[in-house]
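Just below is one structure, and these are the notes that go with it.
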Amino acid sequence: MNPTSADTATSTPLPATSLKLENVLYEAKGPIAYVTLNRPRVLNALNRKTWEDLERAFNEARDDDAVRGVILAGSGDKAFIAGADISELARLTAVEGEESSTYGQEVLNLIENLGKPVIAAINGFALGGGCETAMACTVRLATETARFGQPEVKIGVMPGGGGTQRLPRLIGKGRAMQLILTGEMISAQEAYRIGLVNEVVPAPNLITRAEEILKQIFSNAPVAIRYSLEAVNKGMETSQREGLALEASFFGLCTGTDDKKEGTTAFLEKRVPQFRGR
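Count along the sequence shown from 1, then add 9; that gives the number in our numbering.
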């Protein structure tokens, strides 16, 4: 699979921006940045260098004002990310293990709180750190042959990239406990049933569908999108009362924007709004 080969949100050819990284491919085409794990021989396993490359790629996407959304995928047709690089994990001491876990969590927090939507295009195994990476994304799409799981207990460790925290929030405590404690692997269809993925799509349509969703998002007010992302993410970490106060604050900020004026005016005039992101 080559995610950068699909057409982007416009039919007019756009200049592409690339970033030279060892284990990750990065290319921005117009408003979409394509980030692709590129270690297919080891099923895109996550080692330290790959985490560092992901951090650089997502910092680039965050800081590029032309980029409005990201599609994250894995190269090859077998894996999104099959998990941690076990040869590296086997050598870690307790102190190094904690540092490694903390760093991975920081990279996934960057993805989750990018301020721009990130679509995970899951084209195979999403296990351990791969499942955790997918959960940090805004929306998860999977092919029919994708597989999900947190099998860390099978090799003597536990989820360390946010799996014990994001998984219960997505699918509920009981189901999350079962997956984490048994280490079982589930199908894309089961992942969809329990709410771990948003859609299951045919493999040839995976990137195209991700682009379609981003185009739908791009048609809306950029400031409202950014505040909506922040309200949901921050609200999940607070009580409902605190989350509602946060929502009201962001709603107030939105009502003072030019985009709100344009959006409401366009609605009343029965025309398509022309948002400017301010």
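Heads up, the beta-carbon is just placed ideally off N, CA and C, and yes, glycines get one too.
Whether residue i touches residue j by CB criterion (8 Å)
i: ILE80; j: ILE216; result: yes
i: ARG149; j: VAL206; result: yes
i: THR247; j: LEU255; result: yes
i: ALA219; j: ILE128; result: yes
i: VAL76; j: ALA82; result: no
i: GLY171; j: GLN114; result: yes
i: GLU121; j: ALA151; result: no
i: ALA54; j: LYS38; result: no
Reduced DSSP secondary structure (H/G/I, E/B, other) of residue i
i: ILE203; result: coil
i: MET245; result: coil
i: GLU153; result: coil
i: GLU36; result: strand
i: GLU208; result: strand
i: SER228; result: coil
i: THR173; result: helix
i: VAL51; result: helix
i: ALA66; result: helix
i: GLY113; result: helix
i: VAL166; result: coil
i: GLY272; result: helix
i: PRO282; result: coil
Beta-bridge pairing of residue i - partner residues as DSSP gives them
i: THR26; result: ALA37
i: ALA219; result: Answer is none; ALA219 lacks a bridge partner.
i: ALA134; result: Residue identity check: residue 134 is Phe in the sequence provided, not Ala. Paired residues: ALA88 and ARG156.
i: GLY106; result: According to DSSP, GLY106 bridges with nothing at all.
i: GLY78; result: ILE41
i: SER196; result: ARG156
- prompt: Contact between the region 137-157 and the region 168-182: three or more CB pairs below 8 Å?
  reply: yes
- request: Assess, as a yes-or-no matter, whether the region 81-100 is touched by the region 30-50 under the definition of 3 or more beta carbon pairs within less than 8 Å.
  value: yes
message: Between the region 221-234 and the region 257-271, can you find at least three pairs of beta-carbon atoms closer than 8 Å?
response: yes
task: Inspect the CB distances between the region 100-109 and the region 179-194 and report whether three or more fall short of 8 Å.
output: no
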